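This report concerns only the one structure given below.
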């Protein structure tokens, strides 16, 4: 066994000694690299990847999550500040669901779940219940705000009024709320976001008007647009300016596109100035109108006519009161009897008319004023427009202004509308700039050509210089030519003259250059 082992060892040793030192070093290096790669891959595959499952936790919520993880036997990593907890990536989803379902994370606040935890309220006084309810309401509103876009943290304090059975709903004291918000880095709340915060607090707390809500952040107090705060006014003004600019751009584009048919493309420039009415009007109208407008009468729905006539005989008083002898002063005297007649009539008619009730909300953004100024470039070779073209352009502009001001509530005459349009003849700014650009392009072309010529000349000079220096370096680096070895003919070994001649002729035919060199060598030797 030992002999066989020794044989194997000798064979391995002989095989190993066949390799050079370089091959042995390469073998060990490759083996070492493979071992390192295997170790790194193994560590990578067996390492536990952690994922941040909870962040921005307060101490209470962090303690609750850690207690749950320890009880469940799940490994975790706590950040240095204690506000973030990481769990294995394979368990992250399940841990989030479990923690969320158990209500462990409360974002530092309590909600109405506090009543579920202590369902028995025996022995709790009204004051203790009110405190618990108030704290729970604060926590619920806080949790709602923290779900809003951009909100990182929230602190809410609600003051609820004392209820009384003697006051009506209008006479009761109103609730109030104070809110402090912290936003995520880089987030700037828009006016819509701010209105959302106020509406959320208003609807979450009973009997809370929006005027009693105060919301602040680290920088300033937030104001809702319903309150008429500066932010709401600013946004409204910006929106109005944007609408006005959009209207002017639309009028400008339409006028320019239409006039291009008369003057040609790129020969018209338009300036539009307008005033828009952004007031929104709401009114109610109760109208009564007749059914028959011609006779100004309604529909007769009922009619009643009463007529009475009386005829009879009897004494009638006559004469002057108290003038006869024996008459009582102040009373008429009696006279002879006669006939008497009386008539009485009355008529009642009921008519039905049209009764119209209108709730009118007038649409804002009506045009109060509009002015259009047009600059037209004259045709080539002319300095002014012909009268027909000028009048046609003015007529078009007047019609546009008349149609735009139809709902302004002001009646404009043709003279007034003519004052609101103007047509001037001058080179359009676009073409002028193009001409200037063409003038500049001329000298720029010459400058570019000169610069290109200089660059070409400089490049050619450096190229030739570099080529010359490379040639000199190659000449210096050339190895010295070895002296040419000329073929020699051993005349002593040759006895026949004809043989010498044949050898010389053969050398002259096969290698003429060497034959010439040989002759030169012989002549040089003879001269010596």
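Numbering (the UniProt record's numbering), first residue to last: 1 to 528. Positions of the beta carbon are idealized from the N, C-alpha and C atoms, including for glycine. All figures in this text were calculated on a predicted structure; none of them were measured in a lab.
Bounds of the alpha helix (DSSP H) holding residue 388 are 387-404.
Per the C-alpha coordinates, the member of 23, 150, 141 and 157 positioned closest to residue 190 is 150. Scanning its chain for C-beta atoms nearer than 8 Å, with the 5 sequence neighbours on each side dropped, one finds around residue 27 the residues 19, in chain order. The region 373-382 and the region 407-415 do not touch, with fewer than three beta-carbon pairs separated by less than 8 Å. When DSSP states are grouped into helix, strand and coil, residue 177 belongs to the strand group. Around the CB of residue 139, 16 or more other CB atoms lie within 10 Å, so the residue is classed as buried. Annotation for residue 270: the continuous beta strand (DSSP E) segment containing it runs 268-277. Of the candidates 188, 184, 185 and 198, 198 places its Cα closest to the Cα of residue 176. For residue 67, the enclosing alpha helix (DSSP H) has its first and last residue at 59-72.
In this structure residue 145 touches residue 156 by the C-beta definition: roughly 7 Å separates them, less than 8 Å.
Contact between residue 368 and residue 275 is confirmed by a C-beta separation of about 4 Å, below the 8 Å threshold. When 178, 376, 87 and 355 are compared, the shortest CA-CA separation from residue 271 is found for 376. Between residue 174 and residue 134, the CB-CB gap reaches or exceeds 8 Å.
Rounded to the nearest whole angstrom, the C-alpha separation of residue 12 and residue 45 is 36 Å. With a threshold of 16 other beta carbon atoms within 10 Å, residue 421 meets it and is buried.
Taken through DSSP and simplified to helix, strand or coil, residue 258 comes out as helix. For residue 137 against residue 74, the beta-carbon gap comes to about 34 Å, at or over 8 Å, which does not count as contact.
Contact between residue 262 and residue 372 fails: their C-beta atoms lie close to 15 Å from each other, not under 8 Å. Beta bridge pairing from DSSP links residue 352 with 299. Boundaries of the beta strand (DSSP E) around residue 50: 50-54. In the structure shown, residue 251 adopts helical secondary structure according to DSSP, grouped into three states. Residue 304 holds the alpha-carbon nearest to the alpha-carbon of residue 347 among 340, 384, 304 and 374.
Closest in alpha carbon position to residue 84, among 71, 98 and 105, is 105. Membership of residue 162 in any alpha helix (DSSP H) is not indicated, and neither H nor E is assigned to it by DSSP. Counting other Cβ atoms within 10 Å of its Cβ, residue 54 reaches 16 or more and is therefore classed as buried. Across the structure, residue 24 and residue 513 are spaced so that their CA atoms are roughly 56 Å apart. DSSP places residue 13 within a helical segment (H, G or I) once states are collapsed to three. DSSP places residue 21 outside any beta strand (DSSP E); the residue lies instead in the alpha helix (DSSP H), whose first and last residues are 21-46. Here the alpha carbon of residue 184 sits roughly 39 Å from the alpha carbon of residue 248. In this structure, residue 51 sits away from residue 79, with a CB-CB distance that is not shorter than 8 Å. Here the alpha carbon of residue 3 sits roughly 20 Å from the alpha carbon of residue 16. Here residue 519 is exposed. Its C-beta has fewer than 16 other C-beta atoms within 10 Å. Taking 8 Å as the upper bound for CB-CB distance, residue 301 and residue 350 are in contact here, some 5 Å apart. With at least 16 other beta carbons inside 10 angstroms of its own, residue 398 counts as buried. Nearest Cα to residue 207 within the set 97, 161 and 265: 161. Residue 251 is not a Cβ neighbour of residue 374, given a cutoff of 8 Å.
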